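A.B. asks: 695 is the number that our numbering gives the last residue of the sequence shown; the numbers go up by one with no jumps.
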Amino acid sequence: MKSLLLSRRDLDFLLYEWLRVDELTSRERFAEHSRETFDAVLDLCEQLATRYFATHNKKSDANEPSFDGEKVTVIPEVKQAWDAFAQADLIAMSMDQRLGGAQLPATLAQAAFAWFSAANISTTGYLMLTMANANLLARFGTQEQVEQFVKPMLAGRFSGTMALSETQAGSSLADILTRAEPQRDASASGTYRLFGSKMWISGAEHEMTDNIVNLVLAKIPGGPAGTKGISLFIVPKYLLDENGAIGERNDVVLAGLNHKMGQRGITNTVLNLGEGAYTPGGQPGAVGYLVGEAHRGIAYMFTMMNEARLGVGMGAVALGYTGYLKSVQYARERPQGRPVGAKDPSAPQVPIIEHADVKRMLLAQKAYVEGGLALLLYCGKLVDLAHSAQSDEERDSATLLLEMLTPVGKSWPSQWCLAANDLAIQVHGGYGYTREYDVEQHYRDNRLNPIHEGTHGIQSLDLLGRKVVSRGGAGLAALGAVISRTVAEAGALGGQPAEHASLLDTAWQRLVTVTAEMFGSGDIEAAMANSVVYLEAFGHIVVAWIWLQQELAAHGHSADFYDGKRQAARYFFRYELPRTAPQLDLLASLDRTTVDMRADWF
């Protein structure tokens, strides 16, 4: 029986027929792997996700974590899933062998991890944050910090979080108030005492692991103003003794749990640091260990944030994908109505998948989720090319493209795979918004992703205000170059690929022209006011390119699977890409409607 979490056939197509990840094994970093090991990991992850994660998805939604004032209670199945994942040595599957990792390609690891996100996004959240936390510390931490905190996380004994936001600051990290007071021994051991409060911190309190490693942003008094004065600290729930064993409780205290519309199974916390509930060593303040250099916390944290952003994008894809598969199954099994031209009311009903409007909704979902999955796996391939680069030029090229695509990889799936979940509900009709069917929960779970790790507005400012103009537009030019190569290859084939190549080229060239006009106008306020419109148009054009790439990979193959790919590409170019034309017109006009609106007029 085919899985209703993800399509293994689609993963195989994207990984091997399109991205050809098996060719990465010719590089030194991945030389110990093969197609066989890749397939074994994918098989294992599908099995574990199906057995340990999907089975408690609805239960964890209905029985969210509770806090009695002293202890947080999480349903036991979450711990069982965590243990199964950790015992399979999957936490370190893409990390360096020197750390005990399997050193798998990021592309393969992301595809494997998507099974768990599709099965249970809440439980998977604990793992995603831990893996990103460990990656950051492995890169910027000291050897002692790696031994004390990273290796226990990779073994599944510790878990990790990222503690950025504060009630008064939200996404404006320049306004955080948490302070880190250096201790007399700070120059030798890097110890500080932290005071403040952190909000919206996922996974920061539970009893599933021996310790929780919080990565906390705070300001050292006397440092530069704004983000330039932010430093990064390890603030564990429990301190460690000189042998690395669990010691006394640190002054990191749960003030309460936030109750969300979706992803209810993962604790979402308000943390108080240094409020005096505990006094480690008899002194006030939560003990923190400086990561790297003082005042460079934002730069370090962005490595974790960017990884998390792509993780959020893949989570959005996974939720959209499982909703799509379930709505296809429902549409095949649900008889209702008769063909438009049928006149005999006594004729048998047909499955709703035979109705054109249902096909439209299913095609839209297919275009969104398969396009989003391909986009995120392409980003993973760029990570692998950068990590295994055989020249500085190759490394710089892959990194430049990844930086350009990260805002899109986070935001586009968060918007359009959520739209796929909405359509999945619609395909189910009245059953779709009942709790007896999964699709209403998938929508609620996915609705958090347009906000997680930076809203559309934040991603759009990053894309238009930073990435597009960085290095004199080098990123935009690099992306344009790879799109042009695809256009040329598809154009040479003739037929539908050539038609789509022409449409893509027209849209891309228009985007480049409009971008130049926006910045050439001198009205930066108006240009940036419509940055979300720019992100949406940019994202749709990028995903059109991704679909043309898939169409090329399917060219010459004849089977239902490949015909479905071609039809989904046709849908995207005829129904979706045309959305960008009026958006680009609006951007070119430098419309000031939102800028000129006054608060008093609302």
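Even for Gly, the Cβ is constructed at its ideal location relative to N, Cα and C. None of the values given here were measured: they were computed from a predicted structure.
(1) If we count the other Cβ atoms within 10 Å of its Cβ and call it buried at 16 or more, is A281 buried or exposed?
(2) Please name the residue in H448, V384, G413 and Q422 whose C-alpha comes closest to that of Q429.
(3) Please state the DSSP three-state secondary structure of R272.
(4) In terms of residues, what are the limits of the alpha helix (DSSP H) holding M246?
(5) Could you please give the first and the last residue of the uninterrupted alpha helix (DSSP H) stretch that includes V171?
(6) Kindly indicate which residue of L597, Q236, R102 and V405 has the alpha-carbon position closest to the one of A647.
(7) Report the residue from R191, M255 and A199 whose alpha carbon sits nearest the alpha carbon of G218.
(8) So for N361, helix, strand or coil by DSSP?
(9) Between which two residues does the alpha helix (DSSP H) containing S324 stretch?
(10) First and last residue of the beta strand (DSSP E) that includes G381?
(11) What three-state label does DSSP hand V626 in the structure shown?
(12) Can you give the Cα-Cα distance for A318 and A267, rounded to whole angstroms?
(13) Say whether the stretch 401 to 410 touches the stretch 325 to 343, bearing in mind that this needs 3 or more beta-carbon pairs closer than 8 Å, one atom from each stretch.
(14) Excluding the 5 residues flanking Y145 on each side, which residues of the same chain have their C-beta closer than 7 Å to its C-beta?
(15) Any contact of the stretch 308 to 318 with the stretch 381 to 391, i.e. 3+ C-beta pairs under 8 Å?
(16) Among the residues of its own chain, which have a CB less than 7 Å from the CB of L229, if the five just before and after it don't count?
(17) How long is the line joining the alpha carbons of Y526 and L498, rounded to whole angstroms?
(18) With DSSP as the reference, label F695 as helix, strand or coil.
(19) For the structure I just gave you, are there three or more beta carbon pairs, one from the stretch 631 to 642 and one from the stretch 418 to 433, closer than 8 Å?
(20) Who are the Cβ neighbours of L494 in its own chain at under 8 Å, not counting the five residues just before and after it?
(21) Beta carbon of L683, beta carbon of A619: below 8 Å?
(22) Looking at C-beta atoms only, is the number of pairs between the stretch 110 to 123 and the stretch 134 to 154 that lie closer than 8 Å three or more?
(23) Can you name, in chain order, every residue of its own chain whose Cβ lies under 6 Å from the Cβ of N150, other than the five neighbours on each side?
(24) What does the alpha-carbon distance come out to for the pair G355 and Y530?
(25) What residue does the beta strand (DSSP E) around N514 start on, and which one ends it?
(26) For A662, which option in H299, W640 and D656 has the closest C-alpha, if you only look at C-alpha atoms?
(27) Can you tell me whether DSSP reads T223 as helix, strand or coil?
(28) Please determine, among Q676, A681, Q643 and T686, the residue with the shortest C-alpha to C-alpha distance to L112.
C.D. replies: In this structure, then:
(1) Because A281 carries a pLDDT of 44, less than 50, the predicted location of this residue cannot be relied on, and no value is offered for it.
(2) H448
(3) strand
(4) K244 to L247
(5) P169 to Q180
(6) R102
(7) M255
(8) Three-state DSSP puts N361 in a strand.
(9) Segment I323 to P329 is the beta strand (DSSP E) holding S324; no alpha helix (DSSP H) there.
(10) A379 to L383
(11) Helix, per DSSP.
(12) Cα to Cα, the separation comes out at about 8 Å.
(13) no
(14) Q173, A174 and A177
(15) yes
(16) So the qualifying residues of the chain are L308, Y393, T396 and M397.
(17) 34 Å
(18) Collapsing the DSSP output to three states places F695 in coil.
(19) Contact between the stretch 631 to 642 and the stretch 418 to 433 is absent: fewer than 3 CB-CB pairs across the two stretches fall below 8 Å.
(20) Result list for L494: L475, G568, A571, L572 and V575, in chain order.
(21) yes
(22) no
(23) N213
(24) 15 Å
(25) Looking at the DSSP string, N514 is not in any beta strand (DSSP E); the run it does join, the alpha helix (DSSP H), is D485 to H521.
(26) W640
(27) helix
(28) Taking the Cα of L112 as reference, the smallest distance to any Cα among Q676, A681, Q643 and T686 is reached at Q643.
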